[in-house]
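Input: a single structure, listed below in structure tokens.
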Amino acid sequence: MQIWHHEMQEDELLTSEDTMNFFKSTGARLFIPCFASSSLAVGMLVGRNLMGHQGYIFLIWNLFLAWLPYLATLWMAWAAQRSRINFWLTIVPVGSLWLLFLPNAPYLLTDLIHFRGMHFVWWYDSSMLFSFAWAGIMLGVASLYIIGELSTARYGWLVGWGVVLATVSLSGLGVYVGRFLRWNSWDAIMRPRIILHDLVNLFSDPSTYPRLLGVSGLIACVMLVGYLTIISIQGERERMCS
Numbered sequence: 001m002q003i004w005h006h007e008m009q010e011d012e013l014l015t016s017e018d019t020m021n022f023f024k025s026t027g028a029r030l031f032i033p034c035f036a037s038s039s040l041a042v043g044m045l046v047g048r049n050l051m052g053h054q055g056y057i058f059l060i061w062n063l064f065l066a067w068l069p070y071l072a073t074l075w076m077a078w079a080a081q082r083s084r085i086n087f088w089l090t091i092v093p094v095g096s097l098w099l100l101f102l103p104n105a106p107y108l109l110t111d112l113i114h115f116r117g118m119h120f121v122w123w124y125d126s127s128m129l130f131s132f133a134w135a136g137i138m139l140g141v142a143s144l145y146i147i148g149e150l151s152t153a154r155y156g157w158l159v160g161w162g163v164v165l166a167t168v169s170l171s172g173l174g175v176y177v178g179r180f181l182r183w184n185s186w187d188a189i190m191r192p193r194i195i196l197h198d199l200v201n202l203f204s205d206p207s208t209y210p211r212l213l214g215v216s217g218l219i220a221c222v223m224l225v226g227y228l229t230i231i232s233i234q235g236e237r238e239r240m241c242s
């Protein structure tokens, strides 16, 4: 039985064999396009700099941050094969960090604002920025897919979809906080009171709602559409193999 099947009974628990199959198959298949997308983006940036056009180095750091939540989901998938105690000891700290750093993946989409038209070759720069944005979306959606499937397998489709919808909503908010309030993921740990104060001010000011809802909603929709695409492809693959 494959644990990514969405018609599992809610009281059906994930077995060690199912989890290992998940980690080896689904996790490995998602790693390949994520790695390929990231390699293309980095390769274009390196090529640009080798041709004497410096800049955009910050994209490497942003891409690195986008990889962290995906690697965290692979760790949680591995932990799911352990006993229930070990699973929860891993899920609580690692899952919290995953949710905290996940907005860094779709955040790369907002780096498109750095495109400045005709410097260097405009089509090269636009393609490079888009490749980083695509890599970020791939990593975010792949991470979301793994978490969604693990949640569905353990607790049923209702909880699984609840986790997915809550995650994309919080990710959209996280991207807004990062882009417009200029906070980093680790600031939530190092300076939580200041961030909480800024969030209270944000939600207390109705004039910010249009941009807040627009940016957060757009990011959430992009991730949700990506998630739906993956589960649709996976479902079609299962039907072809059955």
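Oh and the sequence shown: position 96 is 96 in UniProt numbering, straight run, nothing missing.
Positions of the beta carbon are idealized from the N, C-alpha and C atoms, including for glycine.
Predicted model only: the values in this text are computed from it and were never measured.
Three-state secondary structure (DSSP) at residue i?
i: Ala80; result: coil
i: Tyr145; result: helix
i: Ile230; result: helix
i: residue 253; result: A question about residue 253 goes unanswered here, because the residues of the chain that appear run from 1 up to 242.
i: Ile91; result: helix
i: Leu102; result: coil
i: Arg29; result: helix
i: residue 270; result: Missing from the structure shown is residue 270; the chain here goes from 1 to 242 and no further.
i: Ile57; result: coil
i: Gly156; result: coil
Quick one: Cα of residue i to Cα of residue j, how far?
i: Asp11; j: Val94; result: Residue confidence for Asp11 is low, a pLDDT of 38 falling below 50, so the modelled location carries little weight and cannot support an answer.
i: Trp183; j: Pro103; result: 11 Å
i: Ile146; j: Ile60; result: 24 Å
i: Pro33; j: Tyr124; result: 21 Å
i: Gly47; j: Ser216; result: 33 Å
i: Asp205; j: Pro106; result: 25 Å
i: Leu68; j: Ile194; result: 24 Å
i: Cys221; j: Ile137; result: 11 Å
i: Ile230; j: Ala72; result: 19 Å
i: Asn49; j: Phe115; result: 16 Å
Go through its chain and collect everything with a Cβ distance to residue i's Cβ below 6 Å, but skip five positions before and after it.
i: Leu181; result: Asp198
i: Leu30; result: Ala142
i: Gly235; result: none
i: Val225; result: none
i: Val159; result: Ser151
Would a C-beta distance cut-off of 8 Å place residue i and residue j closer than the cut-off?
i: Ala77; j: Leu150; result: yes
i: Thr167; j: Leu144; result: yes
i: Leu129; j: Leu112; result: yes
i: Ala135; j: Leu74; result: no
i: Ser185; j: Leu100; result: yes
Can you list, in chain order, the residues of its chain whose CB lies under 8 Å from that of residue i, leaving out five sequence neighbours each side?
i: Ile91; result: Met76 and Ala79
Determine the closest residue to residue i out of the options, with distance taken between C-alpha atoms.
i: Val163; options: Leu213, Tyr227 and Ile233; result: Tyr227
i: Ser38; options: Leu99, Ala133, Arg116 and Leu50; result: Ala133
i: Leu40; options: Ile233, Ser127, Ile146 and Ala66; result: Ser127
i: Ser171; options: Trp122, Leu212, Leu71 and Phe35; result: Leu212
i: Leu218; options: Val175, Asp187, Phe203 and Thr208; result: Val175
Less than 7 Å between C-beta atoms, sequence neighbours within five positions excluded: which residues of the same chain meet that for residue i?
i: Asn201; result: none
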